[in-house]
Structure formats: C-alpha cells, structure tokens
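*Asks:* I have a structure I would like to understand better, so I am pasting it below and will then ask my questions one at a time.
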Amino acid sequence: MGLVVGLSVFGYIIGSVSISSLISKHWANVDILSFGSRNAGASNVGQLLGFKAMVVVGCLDLGKSAVSVFLLRHFGFSSEVILIFAAALIAGHCWSCLLRFKGGRGVASLTGVILGLSWFGVLAAGLSIASLGLIFGYRALFVALTLIGLPVIGLLFDKDPLELVCLVAILFVKRLTGNALVPQSPDGMLMGYLRRLIFDRDIASNADWIHGVKR
C-alpha cells in the first residue's frame, strides 16, 4: 500500500513539472497562464513561440508520460498500479502543485500513457479521429469525440475499457473546470460549461479565445 501511495505522489510530481511553463519563462519570460488561452499546454506555447516550440513541448509532455509508464511495465508493476500512477501523473499535469493547481488539458500526457502501455492500435485509431479536427477546423471538438470513443476503441483492441474510462474522465473534469472554475462566458454559466465541454473554451470566438482577447 505504501508503495502505491509513494508511486502516486511521484507520478503527480512528474506531471506537475510543466514543460510549457518552463519553456515560456526561459524563452520569452512570459507566464503561460497569463497568455492567450491561459492554458499550460503545447498549443498555447505555439501561439506564443511558434510551431517548433509547440512540437518540443508536446513531445516532452508525451515523452515523460510514455517513459514513466514504460519503466513501470519494465519493472513488472501490475496494471492496477500503473493505472493509479498514470492517473496521478495526468492529474499533476492538469492541476500542477507548481502552478497554483492550474495546468494543461492532459491530452499529451494521456497520449504518452497509451504509448507507454504499447497500445499502438488504440493510439493509431485515436490519433486518426483527432486528426480530422485539423481537416475540418474543429480540433477541440474532435479531441472530445476521440476521448469519448477511446474506451470503445480499447475494447476493439482487447484492452480494458474501464482503464481508459478512468483516465479520460480526468481530462473531461479538467475540460469542464478549466483554469478558472466559473466560465468567463457573456452568455451565462450554463452556456459557458457547454462550450467548455464541446469546444474547450468559454466564449463563441475561438480566435478571440486563443489570442486572449478580453472576455
């Protein structure tokens, strides 16, 4: 029991180390939580520092999750322990103790966990659905659809769908709570939460949201 608790705390700390915050501070002397969408993630870093920085942050966020989970598998930890560790890591990314319990959306961290589990079929199918968002211009919507579909995809590849349900639930809680619990929506709280759920923002205009236009 003590080992599980220790690994959970360790996973949370790993997740709490915000690559996006470190890079934005080091390269631009900007607090990523005060810029653009105020999200401590790769996409917001991309708005600040460009595509290359976005790729670097995304790969490092993904990599720290993938390597951590792979090492736990390598040393023979059970799937239950790995699931608890992964959940703590994703929670750390979403609610970092180093960022006043704010953070990113956890998508790269979840992707890294799936990669670390070597669930390549699930990963390929999920990325294929999510990539449609780039084609149709509704990236956040297709990410939501991908998250909803992941347990079903896992079942198709003979993986435990309940594990994916647990991890995906963390991302939806973060999506709904954001980095400000009450939505900054001019149309009221209910519409704000609905926009968060579907489009991962509080206001109608995506351009205004990602560029940090005053809500």
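If you're matching positions, the sequence shown starts at 71 in this note's numbering and goes up one per residue.
Cβ atoms here follow ideal geometry from the backbone N, Cα and C, with glycine treated the same way.
So, for R245: in the same chain, excluding its five sequence neighbours on each side, which residues have a beta-carbon less than 7 Å away from its beta-carbon?
*Replies:* Answer for R245: R175, R266, L267 and D270, listed in chain order.
*Asks:* Decide yes or no for the touch test of the stretch 140–153 against the stretch 175–195: beta carbon pairs closer than 8 Å, at least 3 of them.
*Replies:* Yes, the stretch 140–153 is in contact with the stretch 175–195.
*Asks:* So, under 8 Å CB-CB, L180 and S88 are touching, yes? Tell me the CB distance rounded to an integer number of Å.
*Replies:* Rounded, the Cβ-Cβ distance is 16 Å, inconsistent with contact.
*Asks:* Apply the 10 Å Cβ neighbour rule to A210 and answer buried if 16 or more other Cβ atoms are within range, or exposed otherwise.
*Replies:* Buried.
*Asks:* Mind reading off the beta-carbon distance from P253 to V235? Whole number of angstroms is fine, and I expect it under 8 Å.
*Replies:* Actually they are not in contact, since the Cβ atoms of P253 and V235 sit about 25 Å apart, beyond 8 Å.
*Asks:* Rounded C-beta distance between H281 and G106? I'm assuming under 8 Å.
*Replies:* Between G106 and H281 the Cβ distance is about 6 Å, and since that is below 8 Å, they are a contact.
*Asks:* Pull up the CB-CB distance for G146 and A178, whole angstroms please, since I reckon it's below 8 Å.
*Replies:* That belief does not hold up - the Cβ atoms of G146 and A178 are roughly 26 Å apart, past 8 Å.
*Asks:* Three-state secondary structure (DSSP) at R271?
*Replies:* Looking at R271 - three-state DSSP - the assignment turns out to be coil, as it is neither helix nor strand.
*Asks:* Between the beta-carbon of F190 and the beta-carbon of L217, is there less than 8 Å?
*Replies:* Cβ distance not < 8 Å, so F190 and L217 don't count as in contact.
*Asks:* When you compare the CB positions of V192 and I152, do they come within less than 8 Å of one another, or not?
*Replies:* No.
*Asks:* Rounded to the nearest angstrom, how far is the Cβ of G182 from that of L132, given a contact under 8 Å?
*Replies:* Between L132 and G182 the Cβ distance is about 4 Å, and since that is below 8 Å, they are a contact.
*Asks:* Starting from R143, trace the alpha helix (DSSP H) both ways and give me its first and last residue.
*Replies:* Note, R143: alpha helix (DSSP H), F121 to H144.
*Asks:* How is K172 classed by DSSP in three states: helix, strand or coil?
*Replies:* DSSP places K172 in strand when its eight states are reduced to three.
*Asks:* So is I205 buried or exposed if we call it buried at 16+ other beta carbons inside 10 Å?
*Replies:* Its Cβ having fewer than 16 others within 10 Å, I205 is exposed.
*Asks:* For S104, list the residues DSSP reports as bridge partners.
*Replies:* Beta-bridge pairing links S104 to no other residue.
*Asks:* What are the boundary residues of the alpha helix (DSSP H) that D278 is part of?
*Replies:* Residues N276 to I280.
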